[in-house]
Amino acid sequence: MIYRIFYALIYLISLIPRPVGLRLGDWFGLVGYRLIKRRRQVAMANLEIAFGREMGKKEREKIARRCFQGIGRHFMEVCYLIRYDKEKVGTYVSFRGAEHFEEAQQKGRGVVLLTGHFGCWELMAVAFGYYFLPSYVVTKPLDYPPAERLVRHLRGVSGNRCVSKEKSMRQLIRLLREGKVLGILLDQNIDWYDGVFVPFFGKRACTNKGLALLIYKTQAPVVPVFIVDQGRGRYVVEFQPPLPWLSFGDRTKEIEENTAQYNRVIEAMARRHPDHYFWVHQRWKTRPYQPWPRRP
762 MIYRIFYALI
772 YLISLIPRPV
782 GLRLGDWFGL
792 VGYRLIKRRR
802 QVAMANLEIA
812 FGREMGKKER
822 EKIARRCFQG
832 IGRHFMEVCY
842 LIRYDKEKVG
852 TYVSFRGAEH
862 FEEAQQKGRG
872 VVLLTGHFGC
882 WELMAVAFGY
892 YFLPSYVVTK
902 PLDYPPAERL
912 VRHLRGVSGN
922 RCVSKEKSMR
932 QLIRLLREGK
942 VLGILLDQNI
952 DWYDGVFVPF
962 FGKRACTNKG
972 LALLIYKTQA
982 PVVPVFIVDQ
992 GRGRYVVEFQ
1002 PPLPWLSFGD
1012 RTKEIEENTA
1022 QYNRVIEAMA
1032 RRHPDHYFWV
1042 HQRWKTRPYQ
1052 PWPRRP
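Numbering (the working numbering), first residue to last: 762 to 1057.
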């Protein structure tokens, strides 16, 4: 029953003409920036870590504000996916660098698409499913079942499937060996026992080591991909060249160095388009262990 209510609400929102809806998303974002103090503080703290030496407070506030506006538009874009088909999505999403994905796919070992919480990533995944082939998106399930069911439905409109990242290594290895495509967002904070501490904007961030372990076991190619807002409701999905596996003859070092490489790719895009990045997440929350007394 609750799922049906959620579905009906999203469907009603999707009836708003898209240009109007995106302006509403901007407005929702501005309201969120003003009212959600805790997330605004997180965004400003993160931006100070990332750009404190490169830009002033006013510029960081501008980026934080535009980040919130982007989240508002992202919400509206996801609502439209409940009704929009391949042809409609193709009128405002284009692709650049697709040859990099095709090159990786020809190796026959499956492909991992590496991205982060950057731009309208949900729209990117759906557009990829429509215009290339359905993929398996590695996600953390939401705690509220009706919301999780709705999100899975929206992600699956172009044939994509969700794979829970919890205890999924064997399944992911099998999918890659079958030649499937995986989509992984690697920029979430994680507990120390599941990650490695590698630099992100010059500060060590606990980063999931699962992707590097997966590539170590399968040698599948990793293709970075991001969606860039072109303005006026149009987007371009950018594929980058496959990342080389950094070899050192030492498994532990290889996991750490390749995870650091993945962070560098995401950081580079966040530097190019800082207002696209999801600064409201506590990316540096988990800190390296140190004996008492702890420093803040």
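In this text, a Cβ means the ideal position worked out from N, Cα and C, and glycines have one as well. Since this is a predicted model, take the numbers as computed values, not measurements.
query	result
Check whether the stretch 864-879 and the stretch 968-986 touch, using three or more Cβ-Cβ pairs below 8 angstroms as the test.	yes
Determine the contact status of I951 and T1047, defining contact as a CB-CB distance below 8 angstroms.	yes
Output yes or no for whether 8 angstroms exceeds the beta carbon distance between R1044 and A981.	no
Assuming L783 and G956 make a contact with CB atoms under 8 angstroms, what is their CB distance in whole Å?	The pair is not a contact, with the Cβ atoms about 36 angstroms apart (cut-off 8 angstroms).
With which residues is C881 paired in a DSSP beta bridge?	Answer is none; C881 lacks a bridge partner.
How do the stretch 914-929 and the stretch 1009-1028 stand: do at least 3 beta-carbon pairs fall below 8 angstroms, yes or no?	no
Given this structure, state the Cα-to-Cα distance separating R938 from R870, to the nearest angstrom.	6 angstroms
Take K901 as the anchor and find which of A1029, A859, D948 has the nearest alpha-carbon.	D948
Leaving out five residues before and five after A804 in sequence, what residues of the same chain have Cβ atoms less than 7 angstroms from its Cβ?	A825, C828, W1040, V1041
When you compare the CB positions of V899 and A886, do they come within less than 8 angstroms of one another, or not?	no
For the beta strand (DSSP E) holding D990, just list the boundary residues, first then last.	983-992
Where does E1015 sit, in a helix, a strand or coil, going by DSSP?	helix
Measuring alpha carbon to alpha carbon, tell me which residue in Y794, L933, G963 is nearest L974.	L933
On the DSSP letters alone, give me the boundaries of the alpha helix (DSSP H) that P906 sits inside.	906-916
Helix or strand or just coil, what does DSSP make of P1049?	coil
In its own chain, which residues sit with a C-beta less than 7 angstroms from the C-beta of K941, not counting the 5 before and 5 after it?	G871, Y897
Can you tell me the Cα-Cα spacing of F1009 and P907, whole angstroms?	46 angstroms
Mind checking whether V839 and Y996 have CB atoms under 8 angstroms apart?	no
Rounding to the nearest angstrom, what Cα-Cα distance links D846 and D1011 in this structure?	47 angstroms
Check V850 in the structure and name its three-state DSSP category.	helix
Helix, strand or coil for N950 per DSSP?	coil
What number of angstroms, rounded off, separates the C-alpha of K964 from the C-alpha of R1025?	12 angstroms
Which residues bound the beta strand (DSSP E) around N807?	It is not in any beta strand (DSSP E) - N807 instead sits in the alpha helix (DSSP H) that spans 798-812.
Which one or two residues does DSSP pair with T900 in a beta bridge?	S925
Tell me which residues share the same chain as I1027 and place their Cβ nearer than 6 angstroms to its Cβ, disregarding the 5 neighbours each side in the sequence.	G877, D948
Just to check my reading of the structure: L911 and I771 have Cβ atoms closer than 8 angstroms, yes? What is that Cβ distance to the nearest angstrom?	7 angstroms
Have a look at F862 and R922 and give me their C-alpha separation to the nearest angstrom.	19 angstroms
Please report the residue range of the alpha helix (DSSP H) in which G971 lies.	971-979
Are the beta-carbon atoms belonging to L884 and M837 less than 8 angstroms from one another?	no
Is DSSP giving P1057 helix, strand or coil here?	Residue placement at P1057 is flagged as unreliable, the pLDDT there being 49, under the threshold of 50; the coordinate-derived value follows with that caveat. In the structure shown, P1057 sits in coil (DSSP, three-state: anything other than H, G, I, E or B).
Please check the pair G817 and D1036, which I expect to be a contact at CB under 8 angstroms, by giving their CB distance rounded to whole angstroms.	Going by Cβ atoms, the distance from G817 to D1036 rounds to 16 angstroms, so no, they are not a contact pair.
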